[in-house]
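Report on one structure; see the data block that follows.
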Amino acid sequence: MMQARNVIMIFIALLLLIVQVERISAQQKLKIMSYNIHHGADANEQDQLEAMAAFIKESGADIVGLQEVDSMCRRSGNVDQPRVLAQKTGMHYTYTRHFAYDGGSYGQALLSRFPIERTVNERLPVSTGATTSFLTAEVVVPTHRTLSIGVVHLDYRAEAGRLRQAEIIDSIIKKASHPFILTGDMNAEPQHETLAVLSKQLIATQGRDAFTYPTAPPKKKIDYIMLDKRLKASVIEAKVLPVLFSDHLPIVSTIEIAQ
Numbered sequence: 001m002m003q004a005r006n007v008i009m010i011f012i013a014l015l016l017l018i019v020q021v022e023r024i025s026a027q028q029k030l031k032i033m034s035y036n037i038h039h040g041a042d043a044n045e046q047d048q049l050e051a052m053a054a055f056i057k058e059s060g061a062d063i064v065g066l067q068e069v070d071s072m073c074r075r076s077g078n079v080d081q082p083r084v085l086a087q088k089t090g091m092h093y094t095y096t097r098h099f100a101y102d103g104g105s106y107g108q109a110l111l112s113r114f115p116i117e118r119t120v121n122e123r124l125p126v127s128t129g130a131t132t133s134f135l136t137a138e139v140v141v142p143t144h145r146t147l148s149i150g151v152v153h154l155d156y157r158a159e160a161g162r163l164r165q166a167e168i169i170d171s172i173i174k175k176a177s178h179p180f181i182l183t184g185d186m187n188a189e190p191q192h193e194t195l196a197v198l199s200k201q202l203i204a205t206q207g208r209d210a211f212t213y214p215t216a217p218p219k220k221k222i223d224y225i226m227l228d229k230r231l232k233a234s235v236i237e238a239k240v241l242p243v244l245f246s247d248h249l250p251i252v253s254t255i256e257i258a259q
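Read in full-length UniProt numbering, the sequence shown has 92 at position 92, and its numbers run on one by one without any break.
Listed below in structure tokens is the structure:
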């Protein structure tokens, strides 16, 4: 009788272990970065693209949203910055342009350790009457789950312009087929109405004191990583990194997604 009871107890323990292993394997950890790279230059307009690439690679980030990216512009040495950053970090990339600029184009980019399946250059109105890009892309993470990733740089001129852009982003996220992760320079602080609109469906990963601009010393929180409430993710760590390669500080969040 005792032997049979021991066998049953061992069997139950093995079942519990299998359940625990399956639960752990069903979770996905991701490290996400958002970084306004100021066309690859620091606050003194000194070229820092190589240093940025080394920093991003060393950070171990899985997904990186980049704002203020030049492609083949004279001011940044006719360098295709998103391609160079992808090559030097060993990551996949996609790029969308706001507009033609200085012999090339100016826009934003996404770097990803995982395959990028689809990119859309959504257009947002600005107060000048033109439009800028809202990069959206689909990324397949190792658990075979597809996520929608957004990279955006909201209008710096006026709150009314940012608010209109935020409303359009909110409508795009509502229609998205997959849970959304938004990275960007919002040019708005947490108390502004722009963030209230974005927070209808998204949750910011950083605290209210995660100041990123200017770099020395930072006084404003205007850069964000925001998670779709449908994602069922928990934030393990959220940091502002004190590197002076741009006129903004980068932010990094490590999250865990429940499947």
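Where is the CB? At the ideal position from N, CA and C, for every residue including glycine.
Can you check which of these residues, the options, is closest to residue i by C-alpha distance?
i      : options                        : result
Asp114 : Ala86, Thr205, Ser127, Asn187  : The sequence shown places Phe at residue 114, not Asp. Taking only the C-alpha atoms, the option nearest Phe114 is Ala86.
Thr254 : Pro217, Ile181, Lys219         : Ile181
Thr146 : Arg75, Ser76, Pro217, Arg230   : Arg230
Ala61  : Ile172, Ser105, Glu159, Leu110 : Leu110
Pro214 : Asp42, Arg74, Lys232, Ile149   : Asp42
Phe99  : Ala166, Val69, Leu163          : Val69
Ala158 : Gly184, Phe134, Glu189         : Glu189
Lys174 : Gly207, Val235, Ser199, Gly129 : Ser199
Asn121 : Ala238, Ala258, Thr128, Ile149 : Ile149
Val79  : His39, Leu195, His92, Ser171   : His39
Thr130 : Val141, Ile116, Val139, Gly161 : It should be pointed out that residue 130 corresponds to Ala in this sequence rather than to Thr. It is Gly161 whose Cα lies nearest to the Cα of Ala130.
Rounding to the nearest angstrom, what Cα-Cα distance links residue i and residue j in this structure?
i           : j      : result
Leu244      : Val84  : 20 Å
Ile37       : Val64  : 11 Å
His192      : Thr119 : 29 Å
Gly156      : Glu45  : It should be pointed out that residue 156 corresponds to Tyr in this sequence rather than to Gly. Distance between the alpha carbons of Tyr156 and Glu45 is about 20 Å.
Ala233      : Gly77  : 41 Å
Gln20       : Gln28  : For Gln20, the predicted model reports a pLDDT of 42, less than 50, meaning its position is unreliable and no value from the coordinates is stated.
Arg94       : Ser105 : What sits at residue 94 in the sequence shown is Thr, not Arg. Cα-Cα distance, rounded: 14 Å.
residue 262 : Tyr224 : There is simply no residue 262 to check, as the chain begins at 1 and stops at 259 in what is shown.
Ala51       : Cys73  : 19 Å
Just to check my reading of the structure: residue i and residue j have Cβ atoms closer than 8 Å, yes? What is that Cβ distance to the nearest angstrom?
i      : j      : result
Gln48  : Ser177 : In fact, because the Cβ distance is near 37 Å, the residues do not count as touching under 8 Å.
Arg123 : Gly107 : Contact doesn't hold; Cβ gap of about 12 Å is too wide.
Which residue marks the beginning of the beta strand (DSSP E) containing residue i, and which one marks its end?
i      : result
Arg118 : 116-125
Ile37  : Taken as a continuous stretch (DSSP letters only), Ile37 belongs to no beta strand (DSSP E), as it is neither H nor E.
Glu138 : 131-140
Asp185 : 180-185
Provide the residue span of the alpha helix (DSSP H) that contains residue i, from first to last.
i     : result
Arg97 : No alpha helix (DSSP H) holds Arg97; the beta strand (DSSP E) holding it covers 92-101.
Do residue j and residue i count as a contact pair if the criterion is CB distance below 7 Å?
i      : j      : result
Ile251 : Ser34  : yes
Thr212 : Leu249 : yes
Gln67  : His153 : yes
Ala53  : Lys88  : yes
Val196 : Met226 : Position check: residue 196 holds Ala in this sequence, whereas Val was assumed. No, Cβ-Cβ distance for Ala196 and Met226 is not below 7 Å.
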